[in-house]
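Structure, as structure tokens:
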Amino acid sequence: MNKKEESKAAQKDSSQIRQKNMIAAHYSRLARAPETGEKCAYTFVPGNLTELLRSFDLLPVLPEINALQSAMRGKSRDYIRLAEKAGHSEDVCTYVKCDLGMMESGNIGPTGERLPDPDLLLLSYTGCFTFMKWFEILREEYDAPVAMLHVPYQGDGEITDSMRKYVVDQLRNKVIPAMEKVSGRAYDEDRLKEELARSAKAEDDLVAVLESARNKPSPIDAYFGGVYYIGPIFTAFRGSEEAVGYYEALRAEIEERVRLGKGPITPDGEMGPEKYRIVVEGPPNWTSFREFWRMFAEEGAVVVASSYTKVGGVYDNGFRHDPSRPLETLAEYCMGCYTNLNLPSRVDMLVRYVEEYEADGLLINSIKSCNSFSAGQLMMLREVENRTGKPGGFIESDLVDPRYFSAANIKNRLESYFQMIEQKRAGVAARGA
Amino acid sequence: MSAADPKTLAERSEEIYRDYEFTTVRRWKERTGGLAIGYMPIYVPRELLHAQGCLPVGILGGGDDLEIIRGDAFYQSYICHIPRSTIELGLNGSLDCLDGMLFPAICDVIRNLSGIWKLKFPDKLSRYLDVPQVFEPELGGMFYRHELEELASELERRGAKPLEPEALRESIRVFNENRALVREVYDLRIREPWKVPSAELYVLMRAGLVLPVEEFTAMLREYLDGVRADEDRKPMDQARILLTGSFCEQPPLGLIKTLERAGCYIVDDDLVQIHRWLLHDIPEDGDPMDRLVQAFLDDSMESPTRYIDERGKGKELVERVEGSRAEGVIFCAPSFCDPALLDQPMVVKAVEKAGIPWTAFKYAENNGQFQVIREQAGTFADSIKLWSGV
Ligand code: SF4
Ligand code: SF4
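Chains A and H, in that order, give the protein sequences.
Numbering of the first sequence is given in the numbering used here, commencing with residue 31 and proceeding in unit increments.
Numbering of the second sequence is given in the numbering used here, commencing with residue 3 and proceeding in unit increments.
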């Protein structure tokens, strides 16, 4: 075995394989649901109520995850085309169109099996208005009830008592009764508490993993690698034993990398020497995910912190699910997701990342699809540059529409950005001399 | 020429609409010393601002004549135009006369603009006004009431009068009076669209966004008297169409004129929607704050920005088509407008099911060329006239 193969094998033995298996098992469980009689709820990643769903034995289906998986498997182009042919505008979020195209094509999930129709559309309206339109569209296609959870935005950068009460009251009076009806089970708060306690445990380990990037070299890539790490906790597994086990193992694995002074593993194996430490804002592109990652790795650029890994929950500010206040804690979780924070809070968070992770600067991957992330990013970039004195970079792509991933253009811009960092360093060194 | 000449009123309204200095607002401030509070589309409770002695000022972006110098540096090309013109107005000093801005919850772009405003204009009031998407009084109602109370306290902290129930009741009455006249003008347009050309109606409604409500009410009265008396306004052979999708970023006036010139009578639309957001008067009895909240919950227009529960998308539009006796629908949305464009296919389905002809195009508020739209609308109007003649 040569070195490269060795490292790939090491990677395969690692948490990544475990996480892949967990997710694959979930998809086959979903595929078997029509026979087993298990019920499922379609819902979104930001503001997901996984523990609550699990406490009713409802299986979550996450359309955004299906969309990104479709993109990674090279299917999104056709799906989007189908949706546009059916009258959906070229201007709107491509996650929605990819999902609609997938539905049109038989709703075949990433494992090649058909996903079940929803028994419940759980519209947790957190951090993005498009979610509401998305489920209005799905509601017309499926004969399933909708449970709406309107999560107020942190317009003033805080969660007020009134906001919390609004969400808790909706959970108690609308969402829980809807879940009871669909599942045929009564609300079991003790079970929910157990789930939440497990969530907190996994969250501790996740934060330790993400914060390991403070080390030099960073043992992880907190964006490209990060999306694998958040997989279980952002999807069907928060609150489960499997998630606890996965994050424990992942943490141990990363701590071992720190001990050995190793950098991250990339799709091509161990990364070379760490040259640039970057903070990234915005979701990744999924259609050319590996190619995109490689553009960083080949330059020795490692992402030490990212906002995207906070869309399904911000935990590195100290928030943990608190089993002693089950509904309140779910409300706070929903309101605390990244895109539910106002722009000044998002800027503060990015500034903190640049400083605490001793990064060379902030890079924004601006996504055509996503107004929730993208509207305002140019100003955010300038704010972060001004406040940290570190150079900012800006690239544009899309989540799942390959028409908007221009590899040459992005590579060019990245190279210029890394040069800018070099110049800045040279300037600092010259001034210091 | 008498003061009630509708053309003169429309010209004056157009001047107000095109006045980026907001002269009328500045004068009002000099006169009253009150706070002028800007708001973005679609809906804010103007009654509450009025009751606290504030002037609500609707900011619907710039038009086709606003030069964007700095605004483009804030937004990527794939984001609609209204936030860049609004930030331009903020940065070029046009909005200096405002003491604050409200950003109602309608989409992520306006939502995020509230944060930009906070960072760029830290000394001014800048408030995201979250509106409920759950309409039970004990859920969304409680939450919304609290939002309004917070807003009232914030205004008071900035020098507005405290919110008194009787003042709020009186403001509700003043706005009810205004709403009744707005409804009258729109009803007249449905009955006799040749009397109320949409380009006139539009600038009138735009002027109504910045004028004190009492002045706007007087203007509407004059206008109604004027058009009723104007014998020169005669019917023409135009197709009756309903325009939809333009609830936030507004099309340039030239586009509205183009549609009329292309043979369309716009008999209903969702332009400058705040004047008609509440479908009926707000009851003037009972607890005025409760009434204001309840009106939002139960009596708001169906909008793509508002969650429509069981009723099914598009039904309301089909009813409006019937109510306005429109013969066709023009879907006219701003480019990159997620709420309008995600809504459109669902509504198109309902419209097709009802056998109503439709066409669609997009615009930006600063479009200056209408040739393509003119041809498309002209063909659409012709086809309607052809079929209605059969
Ligand atoms: S707009 Fe952004 S947050 Fe909303 S569904 Fe699309 S990608 Fe997700
Ligand atoms: S035009 Fe549409 S997308 Fe743009 S701010 Fe208005 S509602 Fe939002």
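Using N, Cα and C, we set each Cβ at its ideal position, and we do this for glycine too.
Keep in mind it's a predicted model, so treat the numbers as computed, not measured.
Residue i - containing alpha helix (DSSP H), residue span
i	result
residue 52/H	48 to 53
residue 364/A	356 to 366
residue 335/A	Looking at the DSSP string, residue 335/A is not in any alpha helix (DSSP H); the run it does join, the beta strand (DSSP E), is 331 to 336.
residue 107/A	106 to 115
residue 150/H	144 to 159
Residue i - DSSP class collapsed to helix/strand/coil
i	result
residue 159/A	coil
residue 376/H	helix
residue 267/A	coil
residue 70/A	strand
residue 436/A	coil
residue 323/A	helix
residue 279/H	coil
residue 333/H	strand
residue 40/A	Reliability of the predicted coordinates at residue 40/A is poor, the pLDDT of 46 falling under 50, and the value obtained from them is presented with this limitation in mind. Of the three classes helix, strand and coil, the one that applies to residue 40/A here is helix, per DSSP.
residue 189/H	helix
residue 87/H	helix
residue 143/A	coil
residue 26/H	helix
residue 31/A	Residue placement at residue 31/A is poorly supported in this model, since its pLDDT is 43, which falls under 50; the coordinates still yield a value, given next. It is coil, neither helix nor strand.
residue 185/A	coil
residue 393/H	As shown, chain H starts at 3 and ends at 392. That puts residue 393/H outside it, with no answer to give.
residue 448/A	helix
residue 70/H	coil
Distance, residue j Cα to residue i Cα
i	j	result
residue 36/A	residue 287/A	The predicted position of residue 36/A is uncertain, since its pLDDT is 45 and thus under 50; a value taken from the coordinates is nonetheless stated next. Straight-line Cα distance between these residues: approximately 16 Å.
residue 132/A	residue 60/A	16 Å
residue 178/A	residue 201/A	9 Å
residue 296/H	residue 43/H	20 Å
residue 50/A	residue 262/A	9 Å
residue 167/A	residue 127/A	11 Å
residue 110/H	residue 122/A	13 Å
residue 137/H	residue 449/A	54 Å
residue 90/H	residue 115/H	12 Å
residue 50/H	residue 179/H	16 Å
residue 162/A	residue 373/H	35 Å
residue 70/A	residue 301/H	34 Å
residue 165/A	residue 241/A	35 Å
Residue i - containing beta strand (DSSP E), residue span
i	result
residue 246/H	241 to 246
residue 266/H	266 to 270
Cutoff 8 Å: residue i Cβ touching any chain A Cβ
i	result
residue 356/H	no
residue 71/H	no
residue 136/H	yes
residue 209/H	no
residue 118/H	yes
residue 332/H	no
residue 230/H	no
residue 348/H	yes
residue 33/H	no
residue 121/H	yes
residue 282/H	no
residue 277/H	no
Ligand 3 heavy atom lying under 7 Å from the CB of residue i
i	result
residue 160/A	Absence of ligand 3 from the depicted structure is noted, with ligand 1 and ligand 2 being the only ligands included.
Neighbouring residues, chain A, relative to residue i (Cβ below 7 Å)
i	result
residue 187/H	What residue 187/H touches in chain A: nothing, since even the nearest Cβ is about 31 Å away.
residue 309/H	162, 178
residue 114/H	373, 405, 406
residue 132/H	182, 183, 185
residue 80/H	398
Residue-chain proximity (residue i, chain H), Cβ-Cβ < 8 Å
i	result
residue 118/A	yes
residue 57/A	no
residue 337/A	no
residue 196/A	yes
residue 309/A	no
Chain-ordered chain H contacts of residue i [CB-CB under 7 Å]
i	result
residue 158/A	110
Beta-carbon neighbours of residue i, restricted to chain H and to distances below 9 Å
i	result
residue 211/A	None at all; the shortest Cβ gap to chain H is about 15 Å.
residue 115/A	Simply none; closest approach about 11 Å.
Contact set between residue i and chain H, taken where Cβ atoms lie within less than 8 Å
i	result
residue 199/A	140, 141, 144
residue 126/A	344
Beta-carbon neighbours of residue i, restricted to chain A and to distances below 9 Å
i	result
residue 62/H	Residues of chain A passing the Cβ test: none, with the nearest at roughly 17 Å.
field: the region 343 to 372 of chain A: positions lying closer than 7 Å to chain C by Cβ
entry: This model lacks chain C altogether; the protein chains it does include are A and H.
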